[in-house]
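Trainee: This structure is in structure tokens; I'll ask about it shortly.
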Amino acid sequence: MAQNYSLMARKNLLKPDEAPKYYAVARSGRKVTVKEVCKRISERSSYSKGELEGCIGEFLLEIVNVLNEGNIAQVGDLGNFRMSLKTATPTATEKEFKASCIDKGKVLFFPGSDLRKLCKTLDYALYKSDSKDDSGKEEPLPDGGGDDNDGETPDPAA
Numbered sequence: 001m002a003q004n005y006s007l008m009a010r011k012n013l014l015k016p017d018e019a020p021k022y023y024a025v026a027r028s029g030r031k032v033t034v035k036e037v038c039k040r041i042s043e044r045s046s047y048s049k050g051e052l053e054g055c056i057g058e059f060l061l062e063i064v065n066v067l068n069e070g071n072i073a074q075v076g077d078l079g080n081f082r083m084s085l086k087t088a089t090p091t092a093t094e095k096e097f098k099a100s101c102i103d104k105g106k107v108l109f110f111p112g113s114d115l116r117k118l119c120k121t122l123d124y125a126l127y128k129s130d131s132k133d134d135s136g137k138e139e140p141l142p143d144g145g146g147d148d149n150d151g152e153t154p155d156p157a158a
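In full-length UniProt numbering, the protein residues as written are 1 to 158.
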């Protein structure tokens, strides 16, 4: 199946006199919940839906614990999770720097080989909405995909 996309015109803020250029923005069909994923897996395996939901919950709790300890969580072929910090107030010297200079932390995800391979082999299809309102505009994206995020998935930790 092809990855749907829509086109979005964006101006270059450094060159406001130039005409906007068009960029592809990934479209998501709908959100699939953990419950639905567990139901799908339970239909083709010997695991019950409840067992899978419990395992996923415990797994996520342990990922948080690993990151809280300052470690990288390597999740097999899925990829790696690690912490990153945003400095709010850089200092001129190392001695001036205090923990209060750090604005926040965020979780970074680095996909594993299967997900990287998926990104390289995707097919693309322009999304054409059948339903337009009276103004001729498309319905809003279900994942908030119209935001200025250069076509990338927004960071949920931000």
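The beta carbon of each residue, even a glycine, is placed where N, CA and C say it ideally should be.
For the beta strand (DSSP E) containing serine 6, list its first residue and its last residue.
Mentor: 3-10
Trainee: Only counting the same chain, and skipping five residues up and downstream in sequence, which positions put a Cβ closer than 7 angstroms to that of leucine 126?
Mentor: Tyr5
Trainee: Assuming valine 34 and isoleucine 56 make a contact with CB atoms under 8 angstroms, what is their CB distance in whole Å?
Mentor: 6 angstroms
Trainee: For my contact list, phenylalanine 109 and glycine 76 are in at a C-beta cut-off of 8 angstroms; report their separation, rounded to the angstrom.
Mentor: That belief does not hold up - the Cβ atoms of phenylalanine 109 and glycine 76 are roughly 13 angstroms apart, past 8 angstroms.
Trainee: For the beta strand (DSSP E) holding leucine 85, just list the boundary residues, first then last.
Mentor: 79-87
Trainee: Nearest by alpha-carbon distance to valine 66: which of Glu51, Gly54, Arg82 and Leu52 is it?
Mentor: Arg82
Trainee: Cα separation between glutamate 53 and isoleucine 72?
Mentor: 24 angstroms
Trainee: Buried or exposed: which applies to valine 25, given that a residue is buried once 16 or more other Cβ atoms fall within 10 Å of its Cβ?
Mentor: buried
Trainee: Among residues of its own chain, excluding the 5 on either side of aspartate 103, which ones have a beta-carbon nearer than 7 angstroms to its beta-carbon?
Mentor: Lys86, Thr87 and Ala88
Trainee: Sort Ser28, Glu69 and Leu7 by Cα distance to methionine 1 and report the nearest one.
Mentor: Ser28
Trainee: According to DSSP, is aspartate 133 part of a helix, a strand, or is it coil?
Mentor: Annotation note: pLDDT 49 at aspartate 133 (below 50); position unreliable, coordinate value reported separately. Of the three classes helix, strand and coil, the one that applies to aspartate 133 here is coil, per DSSP.
Trainee: Please list, in chain order, all residues of the same chain as proline 20 whose beta carbon is under 6 angstroms from its beta carbon, the five residues on each side excluded.
Mentor: Ala9, Arg10 and Lys11
Trainee: Less than 8 angstroms between the beta carbons of cysteine 101 and threonine 91, yes or no?
Mentor: yes
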